[in-house]
Amino acid sequence: MADRLVSGDSLEEDLSNDNHLRPKSFANYIGQESVKSNLTISIEAAKQRSEPIDHVLLYGPPGLGKTTLSNIISNEMGAQIKTTAGPAIERAGDMVSLLTQMQENDILFIDEIHRLNRIVEEVLYPAMEDYFVTWVVDQGLKARSMNLQLKPFTLIGATTRYGLMSAPLRDRFGSIFRLEFYNNEEMAQILERTARILEVEFEKDGIIEIAKRSRGTPRVGNRLLRRVRDFAQIKYNNFISQDVALTALDTLKIDNLGLDNTDISVLKCLIEKFEGGPVGIDTIAASINEAPETIEDVYEPYLLQLGFIDRTKRGRVATSRAYKHLEYDLDFGKTSETIQTQLDFD
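Going letter by letter, the sequence shown gives residues 343 to 688 in this note's numbering.
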């Protein structure tokens, strides 16, 4: 699962490419127009007042550009940015150390902020509101608390699991933005920019073909583009045409909607083994030898977005769109009772 080409999570191969491909300013950042517009106003207002921008929370599926936006905010503000991740901050003292090192108007970016433990999280509350932290010195009868004053700073949090954040932490962010999936036109613009940076020649139809299979996620699109570039370099004179893109993506077994073999196996499991459902998530997971959490967090969101499965009180159900996409008859393997049940769901 971790090595899926269409996974929005960062893979090892992405680490050496993401920084090179990321835009450095809003002028070069494609998509997320509402988020950009609101952030631009906030940044300009903060700069006129010579203040740090309000604390910002960015959330949404992986690979949509939360880290990129954080670095753009830093560049636009002319501020230094320090980057860390929720799981890396294990003790309250680690957080205090980070905060006391911040200079005026600096930005602290915490990725996967929902994974901060509660003790560490509580250190942030006074830091975000009043720019100070309380630190306990010594132990037992000698214990005493010290208030350490901080310089004004901005906290930018990023998370893929907004619902797992505690309400007190969420409420302390002045600006909260959800990043949406990109449409095909935006994805094509992003991939054209990437192709120019990578110095790959292309025709627009070839880029559009990759964009359609990128699941609305720039990280996935850039990864697929690099794979197609390899095909073009070895077999097609380093030129990405529509035929080259189609050949490469078919070889990689990424279909015209960006589904890979694992996505297909989930849908086929529902249709072939369980007459289209309804069936429980645990049963599906056992049938394809995956953890229920992986099915729910990794595979389902995109299938739900496409309208290929429904979540019901009785379990998961494959929709008529899934049958059509996989070229099954709507009554494939179903009893009359199952057909009536699914008609009720549809």
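Every residue, glycine too, gets a C-beta built ideally from N, C-alpha and C.
query	result
DSSP has T536 in a bridge; who is on the other side?	Partner(s): none; T536 has no beta bridge.
From G428 to M507, what distance separates their C-alpha atoms?	11 Å
Give the C-beta separation of L566 and A537 to the nearest angstrom, bearing in mind that I take them to be a contact with Cβ-Cβ under 8 Å.	Between A537 and L566 the Cβ distance is about 12 Å, and since that is not below 8 Å, they are no contact.
Measuring only the C-alpha atoms, how far is I552 from E541?	17 Å
What's the gap between the Cα of H667 and the Cα of W477?	59 Å
Terminal residues of the continuous beta strand (DSSP E) containing S392?	Neither: S392 is in no beta strand (DSSP E) and is coded neither H nor E.
How do the segment 396-403 and the segment 514-524 stand: do at least 3 beta-carbon pairs fall below 8 Å, yes or no?	yes
In whole angstroms, give me the CA-to-CA distance for L490 and Y473.	9 Å
Give every residue of the same chain whose Cβ lies closer than 8 Å to the Cβ of F544, excluding the five residues on either side of it in the sequence, and list them in chain order.	E534, A537, F581, I582, S583
Mind pulling the alpha helix (DSSP H) runs of 4 or more residues that sit fully within the segment 417-446?	434-442
Can you tell which of Y371, L601, D453, S379 has its C-alpha closest to the C-alpha of I414?	Y371
Alpha helix (DSSP H) containing V621: first to last residue?	That residue, V621, is in no alpha helix (DSSP H); it is neither H nor E in DSSP.
In the DSSP assignment, what are the bridge partners of E543?	F581
Per DSSP, what kind of secondary structure is R514 in: helix, strand or coil?	coil
Between F573, R557, G618, which lies nearest to N598 when the distance is taken from Cα to Cα?	R557
Could you tell me which residues DSSP pairs with V659 in its beta bridges?	D652
Going by beta carbon distance, what residues of the same chain come within less than 6 Å of T589, once the five residues before and after it are set aside?	none
Identify whether L466 lies in helix, strand or coil by the three-state DSSP scheme.	helix
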